[in-house]
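What follows is a set of notes on a single structure, which appears directly below.
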Amino acid sequence: MTAVGRRQIITVADPAALATAAAERVLARIDANSGRIAICLTGGSSPKALYQLLATEPYRAKIPWDRVHWFIGDERFVPVDDPRNNMAMARKAFLDRYAPTSNIHPIPTGAANPDEAAESYARELQSFYGAEALDAARPLFDLVLMGIGPDGHTASLFPNYPAIEVIDRWVVGVPKANVEPFVPRVSLTLPTLSCCREMLFEAAGKEKRAILTRAFAGENLPANRAQSIGETVWLIDEPARPEDFRG
Ligand code: 6PG
21 MTAVGRRQII
31 TVADPAALAT
41 AAAERVLARI
51 DANSGRIAIC
61 LTGGSSPKAL
71 YQLLATEPYR
81 AKIPWDRVHW
91 FIGDERFVPV
101 DDPRNNMAMA
111 RKAFLDRYAP
121 TSNIHPIPTG
131 AANPDEAAES
141 YARELQSFYG
151 AEALDAARPL
161 FDLVLMGIGP
171 DGHTASLFPN
181 YPAIEVIDRW
191 VVGVPKANVE
201 PFVPRVSLTL
211 PTLSCCREML
221 FEAAGKEKRA
231 ILTRAFAGEN
241 LPANRAQSIG
251 ETVWLIDEPA
261 RPEDFRG
C-alpha cells in the first residue's frame with residue numbers, strides 16, 4: 021500500500037481480486053456502523069463485478085439489507101429501461117434481488133430535464149440526511165464508490181466543466197458529456213461526494229494506465245479533486261498500474 025497525498029493506493033493482481041478487495045471494504049464499512057448505512061454507488065463498467073459479488077455468498081448474507089440505503093453518484097439522463105442507466109445496472113446486478121425498494125434511491129430520469137432531476141435528488145438526499153447543509157462531523161455517506169474516465173472525470177464531473185466548481189448545490193445537471201455515452205448527465209457535486217467516511221475508486225485494465233499515470237502525477241483532474249473528508253482509497257489492478265509506480 022502506498023500513500024500519495026491524502027489517499028491510499030492499493031494494487032491487486034486482476035479484476036477478480038479488485039472486486040473481492042472492494043467487496044471486503046464495503047463489508048468493513050457496513051460493519052463499522054450499527055445504525056442506518058448510506059452507500060453511494062457509481063456507474064460505468066468497473067463496479068459491475070463488485071455488484072455481482074455482493075449478491076453472492078458470503079457477502080449477501082453479511083449485508084443487513086434493511087439497514088443499508090443505496091444512492092448513485094451520477095446518472096446518465098436516459099430512461100430506466102435504457103442499458104446505459106447506471107442505477108438500472110446496479111439494480112439488475114444485485115439490488116433488485118435483495119434490497120428493499122424503499123432503500124434504493126435512483127436519480128429520477130423521468131424528470132423534465134437534468135436540472136429538475138438534480139433538484140429533486142438534492143431534496144431526497146437532504147431529507148435522508150435531515151439537513152440542508154452538510155456537516156463534516158456527520159458524513160452523509162458511509163462509502164462513496166467512484167471510477168475514473170479516460171479524460172480524468174469522475175461521477176459526471178468532467179475536466180473544465182462548470183459542474184466541477186459547484187459548491188453551493190448538492191446535485192447538478194450536466195447538459196453534455198465529455199466522453200461516451202454522449203447523453204446529458206446528473207451528478208452529485210464535489211462537496212456532496214466528499215461528505216463520506218470513505219471514498220473508494222476502482223480502476224482496472226491496461227486502458228486505465230494512461231489516465232492513472234496522469235492522476236498519480238498529481239494533475240488537476242476531477243478524479244484527483246474528489247477526496248473524502250475521511251479516507252480516500254484507490255484500488256487498481258496490475259495492468260492499470262502506471263509503469264513507474266510501485267504500490
Ligand atoms: C458514468 C460513471 C463514470 C465512470 C467512469 C469510469 O456514469 O459513466 O459514473 O464516472 O465511473 O467513466 O467508467 P468505467 O468504469 O466504465 O471505465
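Using this note's numbering, you'd call the opening residue of the sequence shown number 21 and step up by one each time.
Backbone N, C-alpha and C fix where the C-beta goes; we use that ideal spot for every residue, glycine too.
Values in this document were obtained by computation on a predicted structure and should not be read as measured data.
Can you tell me where the beta strand (DSSP E) with residue 95 in it begins and where it stops?
-> For the purposes of this step, residue 95 is taken as the residue at position 75 of the sequence shown. Note, residue 95: beta strand (DSSP E), 94-96.
Residues that residue 66 bridges to, as DSSP identifies them | In the sequence shown, residue 66 corresponds to position 46, counting from 1. None, per the DSSP bridge assignment.
Any heavy atom of the ligand 6PG closer than 7 Å to the Cβ of residue 102?
-> Indexing the sequence shown from 1 puts residue 102 at position 82. Checking the Cβ of residue 102 against the ligand 6PG gives no.
Between the Cα of residue 131 and the Cα atoms of 237, 139, 125, which residue gives the shortest distance?
-> Numbered from 1 along the sequence shown, position 111 holds the residue referred to as residue 131. Considering only 237, 139, 125, the residue with the shortest C-alpha distance to residue 131 is 139.
C-alpha gap between residue 172 and residue 246, whole angstroms = Counting from 1 along the sequence shown, the entry for residue 172 is found at position 152. Counting from 1 along the sequence shown, the entry for residue 246 is found at position 226. For residue 172 and residue 246, the distance between alpha carbons rounds to 11 Å.
Figure out for me which residue from 189, 222, 77 has the closest Cα to the Cα of residue 174.
-> By 1-based counting over the sequence shown, the position of residue 174 is 154. The option with the nearest alpha carbon to residue 174 is 222.
Which of the three DSSP states, helix, strand or coil, is assigned to residue 220?
-> Mapped onto the sequence shown, residue 220 falls at position 200. In the three-state reduction of the DSSP assignment, residue 220 falls in the strand class.
Alpha carbon to alpha carbon, how far is residue 148 from residue 93?
-> On the sequence shown, position 128 is the one that residue 148 refers to. On the sequence shown, position 73 is the one that residue 93 refers to. Cα-Cα distance, rounded: 15 Å.
Specify whether the region 161-171 and the region 240-260 touch according to this definition: at least 3 beta carbon pairs, one from each stretch, less than 8 Å apart.
-> Touching, per the Cβ criterion.
For residue 110, which residues does DSSP report across the bridge?
-> In the sequence shown, the residue the question calls residue 110 occupies position 90. Within the DSSP bridge table, the entry for residue 110 names no partner.
Do you know offhand how far residue 46's Cα is from residue 78's?
-> Counting from one through the sequence shown, the residue named residue 46 turns up at place 26. Counting from one through the sequence shown, the residue named residue 78 turns up at place 58. The alpha-carbon atoms of residue 46 and residue 78 are separated by roughly 13 Å.
Where the beta strand (DSSP E) through residue 28 begins and ends = Indexing the sequence shown from 1 puts residue 28 at position 8. Run containing residue 28: 27-32, per the beta strand (DSSP E) assignment.
Which same chain residues, not among the five before or five after residue 145, have their C-beta less than 6 Å away from its C-beta?
-> The residue you call residue 145 lines up with position 125 of the sequence shown. The residues are 190.
Locate the beta strand (DSSP E) running through residue 207, then write down its first and last residues.
-> Working through the sequence shown from its first residue, we reach residue 207 at position 187. Segment 205-208, the beta strand (DSSP E) holding residue 207.
If you draw a straight line from the C-alpha of residue 35 to the C-alpha of residue 69, how long is it?
-> For this step, residue 35 is matched to residue 15 along the sequence shown. For this step, residue 69 is matched to residue 49 along the sequence shown. For residue 35 and residue 69, the distance between alpha carbons rounds to 8 Å.
Residue 90 by DSSP, collapsed to three states: which one?
-> The count along the sequence shown starts at 1 and reaches residue 90 at position 70. Looking at residue 90 - three-state DSSP - the assignment turns out to be strand.
Verify the contact flag: residue 64, CB atom, against every heavy atom of the ligand 6PG, threshold strictly below 7 Å.
-> Numbered from its first residue, the sequence shown carries residue 64 at position 44. Of the heavy atoms belonging to the ligand 6PG, at least one sits nearer than 7 Å to the Cβ of residue 64.
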